[in-house]
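Asker: One structure, pasted below without further comment.
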Amino acid sequence: MAFNKNSVYGIAAVIAIAVVVIAIGLASSGGEAPVPVPPAGGDATATPTNQVSGTITISGAFALYPLAVVWADEYKSTHPNVKIEISAGGAGKGMSDTLGNLVDIGMVSRAIADVELEKGAYPIPVTKDAVVPVINAKNPAAQEILKKGINQSTWQGIYIDQTVTTWGEVAGKPEIADKIHLFTRSDSSGAADVWALYAGGKGQANLKGIGVASDPGLLAEVQKDPLGVGFNNINYAYDTKTGLPVAGVIVPPFVLDDGTVLDLSTKQKAVDAIKAQTFPHPPARVEYFVTNGKPTGVTADFIRWSLTDGQKFVDANGYVELPADAIAESLEKVG
210 MAFNKNSVYG
220 IAAVIAIAVV
230 VIAIGLASSG
240 GEAPVPVPPA
250 GGDATATPTN
260 QVSGTITISG
270 AFALYPLAVV
280 WADEYKSTHP
290 NVKIEISAGG
300 AGKGMSDTLG
310 NLVDIGMVSR
320 AIADVELEKG
330 AYPIPVTKDA
340 VVPVINAKNP
350 AAQEILKKGI
360 NQSTWQGIYI
370 DQTVTTWGEV
380 AGKPEIADKI
390 HLFTRSDSSG
400 AADVWALYAG
410 GKGQANLKGI
420 GVASDPGLLA
430 EVQKDPLGVG
440 FNNINYAYDT
450 KTGLPVAGVI
460 VPPFVLDDGT
470 VLDLSTKQKA
480 VDAIKAQTFP
490 HPPARVEYFV
500 TNGKPTGVTA
510 DFIRWSLTDG
520 QKFVDANGYV
530 ELPADAIAES
540 LEKVG
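Position one of the sequence shown corresponds to residue 210 (this note's numbering), numbered consecutively onward.
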């Protein structure tokens, strides 16, 4: 099954605003449903299941949004009496919408806070992905950075302490005096939260820089600024067709604690590193579906499906499957 220019996987084009609502079951309104990537070696469809009916509403993390749309579309194909509405607005919005009973499921791409658990948040791990740094491709130190990489302490100096302020300092080239133009997220963001933890902070509030709303918004600012740097979920940093960094940016390597330079020049290399657990954790992280209390009815059925039949769409869409024991634990939580 091929992508086309109207597919949800043209992510930067699809999510042009912070909140995008997609109603699955678009045939009745004349719209076009997203085209998922089918699993290798199998048919993407199954025999319809007519017993389940109802409406499921979902909001939250940009990171989980593309996969949630695929899952919703595929679930709808076998459950024609179910309607699913999805909006992307950041992990914080997903959590607040869920606890406020505005949606059935919140998509959350960070650890769940104790205070959220006390209010009734019921997190169910569903997949893994990661956040990567992005730098404008015309950066004056780009080639040196791609060769050497950037270590954690340098990222801390850039984003937390602000003791690293020029690209020459990053690249070890003092003759490059160009100032770093720093961008972060202005909306409550799981990506920003885990990036802050990796960089030595305690959470999103510790990140310095100009705040920009949404994954696509932050990426666009870096694309426009030759001295810009930011961070994105991997499904936004890389082109969905080529697997290379999107036009106008590079993804610099991480330098690990043992000195290893972790090549992130393609999405597949990033995904492979997450699978091999050589990718730093954070910014690799678990993605959650969160409900207000234990899910029931059609909501529980959809989450259960996502953890079983839905897992065959995970790898093809740039995410990482949870280990079998973790899937079993999540299914036990759903009941």
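For every residue, glycine included, the Cβ atom is placed at its ideal position computed from N, Cα and C. As the structure is a computational prediction, the values presented were derived from the model and not from experiment.
What are the uninterrupted segments assigned as alpha helix (DSSP H) that are 4 or more residues long and contained completely in the region 355-381, given in chain order?
Answerer: Runs of the alpha helix (DSSP H) inside the region 355-381: 361-368 and 376-380.
Asker: Return the CA-CA distance between serine 474 and proline 461, expressed in angstroms with no decimal places.
Answerer: Taking the straight line from one Cα to the other gives about 7 Å.
Asker: Quick one: what does DSSP say serine 286 is sitting in, helix, strand or coil?
Answerer: If DSSP states are grouped into helix, strand and coil, serine 286 belongs with the helices.
Asker: If you check the beta carbons only, do isoleucine 512 and isoleucine 333 fall under 8 Å apart?
Answerer: Yes; because the gap between Cβ atoms is below 8 Å, this pair is in contact.
Asker: Would you kindly work out how many angstroms separate the C-alpha atoms of glycine 412 and alanine 405, rounded to a whole number?
Answerer: Looking at the two C-alpha atoms, the distance is approximately 5 Å.
Asker: Of all the beta strand (DSSP E) runs that stay within the bounds of the region 410-495, which reach a length of 3 or more residues?
Answerer: Within the region 410-495, the complete beta strand (DSSP E) runs of at least 3 residues are 419-421 and 437-442.
Asker: I think valine 379 touches alanine 408, with their Cβ atoms under 8 Å apart; what is that distance to the nearest whole Å?
Answerer: The pair is not a contact, with the Cβ atoms about 13 Å apart (cut-off 8 Å).
Asker: Quick one: residues in its chain with C-beta nearer than 6 Å to the C-beta of threonine 264, no 5 flanking neighbours on either side, listed in chain order?
Answerer: Cβ within range, chain order: Lys292.
Asker: Using the Cβ count rule (16 or more neighbours within 10 Å means buried), how would you classify leucine 326?
Answerer: Under this definition leucine 326 is an exposed residue.
Asker: Between which two residues does the alpha helix (DSSP H) harbouring threonine 326 extend?
Answerer: Position check: residue 326 holds leucine in this sequence, whereas threonine was assumed. 323-327 is the extent of the alpha helix (DSSP H) around leucine 326.
Asker: How do the region 520-535 and the region 311-319 stand: do at least 3 beta-carbon pairs fall below 8 Å, yes or no?
Answerer: These segments do not touch.
Asker: Where does arginine 319 sit, in a helix, a strand or coil, going by DSSP?
Answerer: Coil.
Asker: Is DSSP giving glycine 544 helix, strand or coil here?
Answerer: Reduced to three states, the DSSP call for glycine 544 is coil.
Asker: According to DSSP, what are the bridge partners of leucine 391?
Answerer: DSSP, once it has assigned bridges, lists Val438 as partnering leucine 391.
Asker: Enumerate in chain order the residues of its own chain whose CB-to-CB distance from leucine 540 is below 8 Å, with the five nearest sequence positions on each side excluded.
Answerer: Excluding positions up to five away in sequence, the list reads Arg513, Leu516 and Thr517.
Asker: From this set, Thr469, Val470, Asp466 and Ser398, which residue's C-alpha is nearest glycine 299's C-alpha?
Answerer: Looking at the Cα atoms, Ser398 is the closest of the given residues.
Asker: Answer with buried or exposed for aspartate 510, where buried requires no fewer than 16 other C-beta atoms within 10 angstroms of its C-beta.
Answerer: So aspartate 510 counts as buried.
Asker: Take leucine 276 and list the residues in its own chain whose beta-carbon comes closer than 6 Å to its own, dropping the five residues that flank it on each side.
Answerer: Same-chain partners within the cutoff: Asn526 and Tyr528.
Asker: If you draw a straight line from the C-alpha of glutamate 430 to the C-alpha of leucine 531, how long is it?
Answerer: Taking the straight line joining both Cα atoms gives about 33 Å.
Asker: Could you round the C-beta distance between threonine 375 and isoleucine 389 to whole angstroms and report it? I think they count as a contact, below 8 Å.
Answerer: About 6 Å; that satisfies the 8 Å criterion.
Asker: Counting along the chain, where does the beta strand (DSSP E) carrying glycine 263 start and finish?
Answerer: It spans 263-269 - the beta strand (DSSP E) in which glycine 263 sits, taken as one unbroken run.
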